[in-house]
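First up is the structure itself, then whatever we jot down about it.
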Amino acid sequence: MSKQVEWGKGILRSVRDLTPDIRLFEIEPEGEFVAPTPGSHINVGVQIGGRPDVRSYSVVGPCTDGLYRIAVKRLPDSRGGSLYMWNLSPGAQLSISTPGNHFDLSLGRPEYLLLAGGIGITPIFTMALALAHAGANFRVLYACRSRQDMALADEMRAQVGDRLQMFLDDEGARVNLDAEIARLAPGGELYVCGPIGMLEAAKRAWQKSGRPVDQLRFETFGNSGRFATEAFKVKIPRLGIEVEVPQNKTMLDTLEAAGVAMISDCRRGECGLCALYIIETTGVVDHRDVFFSDEEKAENRKLCTCVSRVAGGDITIDTADRAA
Amino acid sequence: MTDARLFPLNAWYAAAWSHEIKHELAARTICNKDMVLYRRSDGQVAVLEDACWHRLLPLSMGHLKGDEVVCGYHGLVFNAAGRCTYMPAQKTINPSACVRAYPVEERHRLVWVWPGDPALANPDTIPDFHWNDGTEWVGEGGTFYSLKCDYRLVIDNLMDLTHETYVHAGSIGDEAITSAPFDVTHTDRTATVTRWMINIEPPPFWAKQLDRPGAHVDRWQIIYFQAPSTVVGDVGVAVTGTGAPQGDRSQGVNGAFLAAITPETDKSCHYFWNFARTFRTDDEQLTRDINKAHVNEGKGVYDQDHVVLEAQQVAIDKNPRLPFYNLNIDAGALWARKLIDTMLEAEHGQVAHAPSEAAE
Chain C
400 MSKQVEWGKG ILRSVRDLTP DIRLFEIEPE GEFVAPTPGS HINVGVQIGG
450 RPDVRSYSVV GPCTDGLYRI AVKRLPDSRG GSLYMWNLSP GAQLSISTPG
500 NHFDLSLGRP EYLLLAGGIG ITPIFTMALA LAHAGANFRV LYACRSRQDM
550 ALADEMRAQV GDRLQMFLDD EGARVNLDAE IARLAPGGEL YVCGPIGMLE
600 AAKRAWQKSG RPVDQLRFET FGNSGRFATE AFKVKIPRLG IEVEVPQNKT
650 MLDTLEAAGV AMISDCRRGE CGLCALYIIE TTGVVDHRDV FFSDEEKAEN
700 RKLCTCVSRV AGGDITIDTA DRAA
Chain A
0 MTDARLFPLN AWYAAAWSHE IKHELAARTI CNKDMVLYRR SDGQVAVLED
50 ACWHRLLPLS MGHLKGDEVV CGYHGLVFNA AGRCTYMPAQ KTINPSACVR
100 AYPVEERHRL VWVWPGDPAL ANPDTIPDFH WNDGTEWVGE GGTFYSLKCD
150 YRLVIDNLMD LTHETYVHAG SIGDEAITSA PFDVTHTDRT ATVTRWMINI
200 EPPPFWAKQL DRPGAHVDRW QIIYFQAPST VVGDVGVAVT GTGAPQGDRS
250 QGVNGAFLAA ITPETDKSCH YFWNFARTFR TDDEQLTRDI NKAHVNEGKG
300 VYDQDHVVLE AQQVAIDKNP RLPFYNLNID AGALWARKLI DTMLEAEHGQ
350 VAHAPSEAAE
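As you go down the protein sequences, you meet chains C and A in turn. Quick note on the working numbering: the first sequence kicks off at 400 and runs consecutively. Quick note on the working numbering: the second sequence kicks off at 0 and runs consecutively.
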């Protein structure tokens, strides 16, 4: 169970660009430093379009010196969190939480396969170092677009050597998931952090292999889809509401701001509480959650409003505003 | 859970006797952490956080289905690694849905759990408790579960046996204990109190075991503490002049009192005890008699300690501002507490909390 996180102040001590669009931030907490476990994230209070919001970023490395390190990718279609972070300079005051962990690394498994895509390297890097430290049997598969997009690869190579294998899109390299999973020792675990396409492919390959579902571990912050993030219109005939979901806001946030009564919990596409019925859409629903199964996503009856979006058109939905 | 740090979490603590953990759910609280223990069908023990991820109902109120725990409320299923493998009414499983799985090892007929950082759990650091194995040394002990006192009060009790004279008069108590000099030594993880009483009349318990009427004895009490909370007392008597102080115990009888003391909460503990011996090891009646001499519906020597320890905690609670005063006899206990504080400092990177200092 993830432990309760506590909020406090922190100071941005330094920044360093790992790639042209991934920046490392070193943050010193003002209060107690809580040592992060591999897979941990911290929450950071951000300002987006003048309103406060919260973003979670994976902790990078073991942070044994009392500084939290996070890496943030500047996304052209970001909801605004990365833009805020990239505008910060050393000395900036931040509101940060103590580490939480939804992506715990278990110990003592016969083998580990770590799979990272792009910025998903951040927790995977930390896990790889921890596994190397523990003398565990593991391999890291790290896929990114091109050589210049590899973050933390040299640092990791120095610590784990040939256990790291790179896959560069622009060189045509692809991870053969079926083969990699087949090579994994019985009882071995697969940890995945990357874009939703990679995650879904991993889930399918894992399921096909017949391995126990609990030995596939993954994390999502629900911020990547199969389509680019764009604005779209939502119509709710039952309430006579029509609102535009801007590019930098979620559908859930937009509906709440418009006064639609919603329930939600995780807000990252895991719990399914914010899901609403789809009546029709003129575009394509970009399901970015991990709550619905592939079959359910194909049926397109509902969508998780906290992360999922519409590409190339509008959507008409229904809410639960009725007695029964 | 309070902020007062009375016990290190990065340590192995006895949670149960091996024979107590079967293929069924057993609840224990260890270091303020609620845990559920069970034995898997392959014989391994699993220890999980005793609160369902979903609505926190203790998992120990559920049941086992194969080697997985089914929550007794909404049927969520967790495997021995603490991962959720079933959620009702949905096609997928929330990837965050886990309960903590605690490192666990079985050794010396006890189940040891590690409530702290699992990455640091090294089975090589399980306390040496081989006297309890039931092989060379023989004895059957028991447990005071939920003894209502700070676990360190039990350590104090065992590290200073002058109390035997007053608490256990008529069995193992003897005036000689209070007059014999003792020596206290320590390493970074152990403290040892060594006391020899030369040429004394054996107290009743030992006179009976030795069975050499009229003989004077050399009596030893070598109490060995391993931080944070196990105590082994090498005790016995040998006929005076036969060389026991020099290492020849052949003309004597040797026992070992064993204590694995596990904090349950800040003010309660589980006290796993045994008294093992190397004499008359085939005598099962003697094994039963010695067990009974320790715990016997209030009349055993440990029953006497039990009463004192709980009364002491009540008095401490009633007088929270009063410090302990320490005597020469408390040297062993103070070394034990200092080693505990050192562990706490290593764990938290700061000086341990005041309640422990108050005792020094």
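Glycine included, each C-beta is placed from N, C-alpha and C at the ideal position.
Do the segment 257-270 of chain A and the segment 221-234 of chain A touch if we need at least three Cβ pairs shorter than 8 Å? yes
By how many angstroms is the C-alpha of C:Leu702 removed from the C-alpha of C:Gly671? 9 Å
How far does the alpha helix (DSSP H) with A:Arg336 in it extend, from its first residue to its last? 330-347
When you compare the CB of C:Ser707 with every CB in chain A, is at least one pair closer than 9 Å? no
Could you pull the start and end residues of the alpha helix (DSSP H) that C:Glu695 belongs to? 693-698
Please decide whether C:Glu694 counts as near chain A, where near means a Cβ-Cβ distance under 9 Å. yes
Any Cβ of chain A within less than 9 Å of the Cβ of C:Met400? The pLDDT assigned to C:Met400 is 44, lower than 50, so where the model puts this residue is not dependable, and the model offers no usable value.
Under 8 Å by Cβ, that's how I've got A:Asn198 and A:Thr239 pegged, so tell me the actual separation to the nearest angstrom. 5 Å
Can you tell me whether DSSP reads A:Pro262 as helix, strand or coil? strand
Based on DSSP bridge pairs, tell me the residues matched to A:Leu97. First, the residue type needs correcting, since residue 97 of chain A is Cys and not Leu in the sequence shown. Per DSSP, A:Arg82.
Rounded to whole angstroms, how far is the Cβ of C:Leu493 from the Cβ of C:Gly444, which I believe are closer than 8 Å? 7 Å
Rounded separation between A:Thr186 and C:Leu482 - CA only: 55 Å
I need the boundaries of the alpha helix (DSSP H) containing C:Pro522, first residue and last residue. 520-532
Can you tell me whether C:Tyr541 is helix, strand or coil according to DSSP? In the structure shown, C:Tyr541 sits in a strand (DSSP, three-state: E or B).
Closest to A:Ser145 by C-alpha separation, out of A:Val44, A:Asn31, A:Gln89, A:Gly71, would be which residue? A:Asn31
Let me confirm a value: C:Gly517 is counted as buried when at least 16 other C-beta atoms fall within 10 Å, else exposed. Which label applies? buried
Just to confirm the assignment: which complete beta strand (DSSP E) runs, minimum length 3, are found wholly within the segment 233-284 of chain A? 251-264, 267-276
Contact set between the segment 88-106 of chain A and chain C, restricted to residues whose Cβ is under 9 Å from the partner: Gln89, Lys90, Thr91, Ile92, Asn93, Pro94, Ser95, Ala96, Cys97, Val98, Arg99, Ala100, Pro102
Taking only runs of the alpha helix (DSSP H) that begin and end inside the segment 127-212 of chain A, which ones reach a length of at least 4 residues, in chain order? 150-158, 162-166, 174-178, 203-209
For the putative contact between A:Cys148 and A:Glu309, defined by C-beta atoms under 8 Å, what is the C-beta separation to the nearest angstrom? 6 Å
When you compare only the Cα positions, how much space is there between C:Glu695 and A:Arg108? 51 Å
DSSP-derived helix/strand/coil call for C:Pro509: coil
How long is the line joining the alpha carbons of C:Ala491 and C:Arg412, rounded to whole angstroms? 8 Å
Are the CB atoms of C:Thr704 and C:Cys673 nearer to each other than 9 Å? yes
Roughly how many whole angstroms lie between the Cα atoms of A:Ile20 and C:Cys592? 38 Å
Give the DSSP bridge partners of C:Pro428, in chain order. C:Pro428 is bridged to C:Gly409.
Rounded C-alpha distance that separates A:Gly169 from A:Arg54: 54 Å
Contact with chain A by C:Thr436, beta-carbon distance below 9 Å: True, the Cβ-Cβ gap to chain A drops below 9 Å.
Are any of the Cβ atoms in chain C nearer than 9 Å to that of A:Pro7? no
Under 9 Å, do A:Gln74 and A:Leu58 count as touching if we go by C-beta distance? What sits at residue 74 of chain A in the sequence shown is Gly, not Gln. Between A:Gly74 and A:Leu58, the CB-CB gap reaches or exceeds 9 Å.
Less than 8 Å between C-beta atoms, sequence neighbours within five positions excluded: which residues of the same chain meet that for C:Pro489? Leu411, Arg412, Ser413, Val414
Coil, strand or helix - C:Tyr483 by DSSP: helix
Distance check for A:Leu152 and C:Ala470, CA to CA, integer angstroms please. Computed Cα separation, rounded: 48 Å.
Among C:Glu599, C:Met555, C:Ala657, which residue has its Cα nearest to the Cα of C:Leu576? C:Glu599
Where A:Ala406 and C:Val612 are concerned, what is the direct C-alpha to C-alpha distance, given to the nearest angstrom? Any property of residue 406 of chain A remains undetermined from this structure, which presents chain A solely from 0 to 359.
How close, in whole Å, do the beta carbons of C:Asp586 and C:Pro509 come, if the pair is a contact with beta carbons under 8 Å? A small correction: the amino acid at residue 586 of chain C is Gly; Asp does not occupy that position in the sequence shown. 5 Å between Cβ atoms; contact.
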